[in-house]
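Novice:
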Amino acid sequence: MPPGPKENIYRQHREYLATQTQQTSKSKPGKAKTTAQQAANTVSTATTNKRAGDTQVAPDGVEVKRRRAIAAGGAPPPDPDGNPPPGVIDEDDEPEPVRPKNPAWASAVWALDANASDATRTTLGYRKIYVAVRLLLRLCSEYAKHAHILAYGIKYHTASAEDRPGCGQDAYNDDVEAEELWPLWVKYFPELEDHLDYLADNPPLIFNIANFAAGVASKVRSDDLGRINDRIVDLCAFEDPRLLNIKDNRGWQDSRTGRLLCPLRYLQKFDSDPGRFCTNVRNRLVRIFSTDYPSFLYDLSLVNADDPVAGFLRGEVLVNVYKSVMTGKSSVFQASGRSTRGQKSVAAVHKMCQVNLHSIIYVALLARSALGDNEWSDVDGKFWKAENFVSSVAEIAWTFPAWYDEIISWWNRQIFGDDEELDSDAERDLEGTAFYAIMAQQGMRGASGSGTNDNDGNDNDNGNTAASGSVGGESATAGSSHATE
Numbered sequence: 029m030p031p032g033p034k035e036n037i038y039r040q041h042r043e044y045l046a047t048q049t050q051q052t053s054k055s056k057p058g059k060a061k062t063t064a065q066q067a068a069n070t071v072s073t074a075t076t077n078k079r080a081g082d083t084q085v086a087p088d089g090v091e092v093k094r095r096r097a098i099a100a101g102g103a104p105p106p107d108p109d110g111n112p113p114p115g116v117i118d119e120d121d122e123p124e125p126v127r128p129k130n131p132a133w134a135s136a137v138w139a140l141d142a143n144a145s146d147a148t149r150t151t152l153g154y155r156k157i158y159v160a161v162r163l164l165l166r167l168c169s170e171y172a173k174h175a176h177i178l179a180y181g182i183k184y185h186t187a188s189a190e191d192r193p194g195c196g197q198d199a200y201n202d203d204v205e206a207e208e209l210w211p212l213w214v215k216y217f218p219e220l221e222d223h224l225d226y227l228a229d230n231p232p233l234i235f236n237i238a239n240f241a242a243g244v245a246s247k248v249r250s251d252d253l254g255r256i257n258d259r260i261v262d263l264c265a266f267e268d269p270r271l272l273n274i275k276d277n278r279g280w281q282d283s284r285t286g287r288l289l290c291p292l293r294y295l296q297k298f299d300s301d302p303g304r305f306c307t308n309v310r311n312r313l314v315r316i317f318s319t320d321y322p323s324f325l326y327d328l329s330l331v332n333a334d335d336p337v338a339g340f341l342r343g344e345v346l347v348n349v350y351k352s353v354m355t356g357k358s359s360v361f362q363a364s365g366r367s368t369r370g371q372k373s374v375a376a377v378h379k380m381c382q383v384n385l386h387s388i389i390y391v392a393l394l395a396r397s398a399l400g401d402n403e404w405s406d407v408d409g410k411f412w413k414a415e416n417f418v419s420s421v422a423e424i425a426w427t428f429p430a431w432y433d434e435i436i437s438w439w440n441r442q443i444f445g446d447d448e449e450l451d452s453d454a455e456r457d458l459e460g461t462a463f464y465a466i467m468a469q470q471g472m473r474g475a476s477g478s479g480t481n482d483n484d485g486n487d488n489d490n491g492n493t494a495a496s497g498s499v500g501g502e503s504a505t506a507g508s509s510h511a512t513e
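Residues in the sequence shown are numbered consecutively from 29, following our numbering.
Below, the structure is given as structure tokens:
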């Protein structure tokens with residue numbers, strides 16, 4: 029079989045190497061060669077020259093043959109100017125890898141390990157990241173797709189609203205979730221915003237962060253749920269709670285916890301015969317779906333058959349559990365409002381000043397589990413799944429933006445207070461304070477003329493001045509106290 033194009037190239041290359049070797053050996057001084065060696069060299073040189081003469085008819089002819097051989101092999105001929113073929117990046121033109129602004133940060137993030145000890149986290153420099161991720165998991169609720177949130181945020185962080193797929197959607201989806209939760213990652217994850225280009229250049233690092241968050245999630249939930257399991261009876265203010273201190277006696281085993289877990293649509297039937305209803309639930313005779321929201325999520329005094337969203341997410345138990353998780357036990361049980369010694373609350377450590385929807389959903393899942401007689405589970409029976417519960421509440425908020433804004437404002441007042449926005453009840457209470465009562469009386473005197481006095485030496489005038497100064501001082505003190513609360 030005649031040699032192919034590739035074999036011709038290989039043969040020419042071998043001949044070239046042989047010629048180069050001979051020239052190198054001639055230029056180097058060495059020992060005198062024997063007659064046999066000289067004869068062998070003469071024969072080899074003659075053979076090589078003959079082969080070269082057979083192939084190198086002309087320099088241009090060799091180049092043409094080489095190009096044809098390469099083309100026959102499927103590769104494009106090389107550019108005569110030395111440029112690389114189309115689609116091939118010259119090594120000199122490869123972009124430089126993005127360098128982290130803080131190499132210590134990059135090293136710590138690459139080393140993230142959800143199972144590491146606190147000492148290891150400190151040694152490797154990611155303890156602050158661990159603490160921040162614990163907060164983010166509470167704010168993002170269960171089942172958030174952290175890898176998608178990070179990838180979405182890194183890609184669209186500087187994009188305008190019309191260019192971000194999470195804006196203007198008709199239904200709640202993963203992009204909408206990412207649009208809502210990405211700002212929290214930027215706010216609380218240390219130095220994240222400073223390394224967006226570095227993360228974009230290192231996609232595996234994005235998954236490393238997401239996997240770390242997924243690994244820490246169960247630890248955070250376990251820690252929070254352990255505390256709520258111990259406090260839930262007090263947070264609900266049950267009468268004679270001793271029996272309910274044992275978790276096995278909760279849930280549908282007791283009508284008190286059963287009523288809090290009862291879906292709103294079944295509440296009237298429950299109240300007609302609590303014992304029977306609880307028995308039917310235990311025997312799986314009552315279907316409870318993920319979208320059957322338990323009564324403890326509602327302020328039942330606001331429930332309106334004509335407005336299904338009225339009172340939703342305003343339940344007293346839900347608020348108490350949220351405070352217990354985020355602002356500490358003392359914020360629920362200590363009426364004086366004075367701070368106590370001990371560890372700072374989650375909100376205090378991270379300087380939280382606002383509530384977000386997904387943190388409410390997260391706490392709702394904790395409360396539901398603590399009220400039940402079983403341990404945490406993603407599924408309860410055939411029809412209830414925690415993940416579906418989360419997505420359904422988020423979809424309601426997305427579908428009704430006016431209600432969403434209203435409920436978040438309400439929650440901010442309940443958890444953190446809002447001095448700039450007082451509801452009608454608070455305004456009425458404020459008008460009944462001593463300051464406003466005294467000032468109202470002064471106004472009445474001024475209207476009747478009895479409150480004016482032109483005599484600068486009148487004792488009443490001095491007394492009024494002193495009283496006015498006293499009231500002003502008390503008002504300032506009261507305002508300071510309110511701000512502290």
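The beta-carbon is built from N, C-alpha and C at its ideal position, and this holds for glycine as well.
As the structure is a computational prediction, the values presented were derived from the model and not from experiment.
In this structure, does DSSP put Gly248 in helix, strand or coil?
Specialist: Along the sequence shown, read from residue 1 onward, the residue named residue 248 stands at position 220. Looking at the sequence shown, residue 248 is not Gly but Val. Residue state, collapsed to three classes: helix.
Novice: For Ala68, which residues of its own chain have a beta-carbon under 8 angstroms away from its beta-carbon, when the five flanking residues on both sides are left out?
Specialist: The residue labelled residue 68 in the question sits at position 40 within the sequence shown. Note that Ala68 scores 46 on pLDDT, short of 50, meaning its location in the model is unreliable and no value can be drawn from it.
Novice: Quick check: what's the CA-CA separation for Ser478 versus Phe463?
Specialist: Counting from 1 along the sequence shown, the entry for residue 478 is found at position 450. Counting from 1 along the sequence shown, the entry for residue 463 is found at position 435. Reliability of the predicted coordinates at Ser478 is poor, the pLDDT of 47 falling under 50, and the value obtained from them is presented with this limitation in mind. One C-alpha to the other measures close to 20 angstroms.
Novice: So does the region 343 to 357 actually touch the region 391 to 404, counting three or more Cβ pairs closer than 8 angstroms?
Specialist: Taking 8 angstroms as the limit for Cβ pairs, the verdict is that the region 391 to 404 does touch the region 343 to 357.
Novice: Comparing C-alpha positions only, which one of Asp327, Pro232 and Val383 sits nearest to Ala175?
Specialist: Locating residue 175 in the sequence shown gives position 147, counting from the first residue. Ranking the options by Cα distance to Ala175, first place goes to Pro232.
Novice: Does the count of Cβ pairs from the region 281 to 293 and the region 308 to 324 closer than 8 angstroms reach three?
Specialist: Yes: at least three Cβ pairs fall under 8 angstroms.
Novice: From Asn440 to Gly356, what distance separates their C-alpha atoms?
Specialist: Numbered from its first residue, the sequence shown carries residue 440 at position 412. Numbered from its first residue, the sequence shown carries residue 356 at position 328. So the alpha carbons of these two residues sit roughly 16 angstroms apart.
Novice: Can you grab the Cα-Cα spacing for the pair Leu295 / Trp431, in whole Å?
Specialist: Position 267 of the sequence shown holds residue 295. Position 403 of the sequence shown holds residue 431. Answer to the nearest angstrom: the Cα atoms are 24 angstroms apart.
Novice: Comparing C-alpha positions only, which one of Asp268, Ala245 and Cys264 sits nearest to Ala172?
Specialist: By one-based count along the sequence shown, residue 172 stands at place 144. Comparing Cα-Cα distances from Ala172 to each of Asp268, Ala245 and Cys264, the minimum goes to Ala245.
Novice: Quick check: what's the CA-CA separation for Ala86 versus Lys183?
Specialist: Locating residue 86 in the sequence shown gives position 58, where the first residue counts as 1. Locating residue 183 in the sequence shown gives position 155, where the first residue counts as 1. Only weak support is given to the placement of Ala86: the predicted model assigns it a pLDDT of 46, under 50, and the value that follows is read from those uncertain coordinates. Roughly 57 angstroms separates the two Cα atoms.
Novice: In three-state terms, what does DSSP make of Gly58?
Specialist: The count along the sequence shown starts at 1 and reaches residue 58 at position 30. Residue confidence for Gly58 is low, a pLDDT of 47 falling below 50, so the modelled location carries little weight and cannot support an answer.
Novice: Assign Ile234 to one of two classes, buried (16 or more other C-beta atoms within 10 Å of its C-beta) or exposed (fewer than that).
Specialist: Your numbering for residue 234 matches position 206 in the sequence shown. So Ile234 counts as buried.
Novice: Identify whether Pro211 lies in helix, strand or coil by the three-state DSSP scheme.
Specialist: Locating residue 211 in the sequence shown gives position 183, counting from the first residue. DSSP places Pro211 in helix when its eight states are reduced to three.
Novice: In terms of DSSP beta bridges, what is Asp408 paired with?
Specialist: Indexing the sequence shown from 1 puts residue 408 at position 380. According to DSSP, Asp408 bridges with Trp412.
Novice: Taking the C-alpha atoms as reference points, what is the distance between Val126 and Trp138?
Specialist: The residue you call residue 126 lines up with position 98 of the sequence shown. The residue you call residue 138 lines up with position 110 of the sequence shown. Rounded to whole angstroms, Val126 to Trp138 spans 15 angstroms at the Cα level.
Novice: Excluding the five sequence neighbours on either side, which residues of its own chain have a C-beta within less than 8 angstroms of the C-beta of Trp438, listed in chain order?
Specialist: Sequence index remark: in the sequence shown, residue 438 carries index 410 (1-based). So the qualifying residues of the chain are Arg342.
Novice: Val374: buried (16+ other C-beta within 10 angstroms of its C-beta) or exposed?
Specialist: Reading the sequence shown from its first residue, position 346 is the one you call residue 374. Burial call: buried.
Novice: Can you name the residues that DSSP bridges to Tyr326?
Specialist: Against the sequence shown, residue 326 aligns to sequence position 298. Tyr326 pairs with Phe340.
Novice: Am I right that Trp412 and Phe317 are in contact with their C-beta atoms under 8 angstroms? What's the rounded C-beta distance?
Specialist: Along the sequence shown, one-based indexing puts residue 412 at 384. Along the sequence shown, one-based indexing puts residue 317 at 289. The pair is a contact, with the Cβ atoms about 6 angstroms apart (cut-off 8 angstroms).
Novice: List the DSSP bridge partners of Asp335.
Specialist: Within the sequence shown, numbered from 1, the residue matching residue 335 stands at position 307. Answer is Asn332, bridged to Asp335.
Novice: Is the CB-CB distance between Asp222 and Asn130 below 8 angstroms?
Specialist: The residue you call residue 222 lines up with position 194 of the sequence shown. The residue you call residue 130 lines up with position 102 of the sequence shown. A contact, by the Cβ cut-off of 8 angstroms.
Novice: Whole beta strand (DSSP E) runs in the region 188 to 232 with 3 or more residues, listed along the chain?
Specialist: List check, beta strand (DSSP E) in window: nothing returned.
Novice: Can you give me the start and stop residues for the alpha helix (DSSP H) that Arg312 sits inside?
Specialist: Reading the sequence shown from its first residue, position 284 is the one you call residue 312. Taken as a continuous stretch (DSSP letters only), Arg312 belongs to no alpha helix (DSSP H), as it is neither H nor E.
Novice: If you measure between the beta carbons of Val345 and Leu263, is that distance less than 8 angstroms?
Specialist: As a position in the sequence shown, residue 345 is number 317, starting the count at 1. As a position in the sequence shown, residue 263 is number 235, starting the count at 1. Cβ atoms of Val345 and Leu263: closer than 8 angstroms.
Novice: Between Trp133 and Leu227, what straight-line distance do the alpha-carbon atoms span, to the nearest angstrom?
Specialist: In the sequence shown, residue 133 corresponds to position 105, counting from 1. In the sequence shown, residue 227 corresponds to position 199, counting from 1. So the alpha carbons of these two residues sit roughly 12 angstroms apart.
Novice: Rounding to the nearest angstrom, what Cα-Cα distance links Glu267 and Asp320 in this structure?
Specialist: Start at 1 with the first residue of the sequence shown, and residue 267 comes out as number 239. Start at 1 with the first residue of the sequence shown, and residue 320 comes out as number 292. When rounded, the distance between both Cα atoms is 27 angstroms.
Novice: Using a Cβ-Cβ cut-off of 6 angstroms (strictly less than) and excluding sequence neighbours within five positions of Gly181, which residues of its own chain qualify?
Specialist: Locating residue 181 in the sequence shown gives position 153, counting from the first residue. Same-chain partners within the cutoff: Trp210.
Novice: Across the region 395 to 415 and the region 250 to 262, are there enough close Cβ pairs to call them in contact, namely three or more that are closer than 8 angstroms?
Specialist: Contact between the region 395 to 415 and the region 250 to 262 is present, because at least three Cβ pairs lie under 8 angstroms.
Novice: Taking C-alpha atoms, which residue in Val360, Asp327 and Gln442 lies nearest to Asn384?
Specialist: Locating residue 384 in the sequence shown gives position 356, counting from the first residue. Here the closest residue by C-alpha is Gln442.
Novice: List the whole-angstrom C-beta distance separating Leu178 from Leu212, where the pair is believed to meet the contact cut-off of C-beta under 8 angstroms.
Specialist: Sequence index remark: in the sequence shown, residue 178 carries index 150 (1-based). Sequence index remark: in the sequence shown, residue 212 carries index 184 (1-based). Not really, about 12 angstroms apart at Cβ, beyond 8 angstroms.
Novice: Could you tell me which of Phe444, Pro128, Pro429 and Ile466 sits nearest to Tyr200, measuring between CA atoms?
Specialist: Along the sequence shown, one-based indexing puts residue 200 at 172. Of the candidates Phe444, Pro128, Pro429 and Ile466, the one whose C-alpha sits nearest the C-alpha of Tyr200 is Pro429.
Novice: Express the C-alpha separation of Phe217 and Asn224 in angstroms, rounding to a whole number.
Specialist: The residue you call residue 224 lines up with position 196 of the sequence shown. The residue you call residue 217 lines up with position 189 of the sequence shown. With the sequence shown as reference, residue 224 is identified as Leu, and Asn is not the correct amino acid for it. Distance between the alpha carbons of Leu224 and Phe217: 12 angstroms.
Novice: Under 7 angstroms Cβ to Cβ from Cys381, same chain only, skipping five residues before and after it: list those, please.
Specialist: Against the sequence shown, residue 381 aligns to sequence position 353. Closer than 7 angstroms at the Cβ level, and outside the excluded window around Cys381, lie Phe444.
Novice: Quick one, which of Leu330, Ala147 and Arg162 has its alpha-carbon nearest Ala242's?
Specialist: Sequence index remark: in the sequence shown, residue 242 carries index 214 (1-based). Answer by Cα proximity: Arg162.
Novice: Using DSSP bridges, identify the partner residues of Pro291.
Specialist: Within the sequence shown, the letter at position 263 stands for residue 291. Paired residue(s): Pro322.
Novice: Going by DSSP, what residue range makes up the alpha helix (DSSP H) through Phe266?
Specialist: Along the sequence shown, read from residue 1 onward, the residue named residue 266 stands at position 238. First-last for Phe266: undefined, no H or E at that position.
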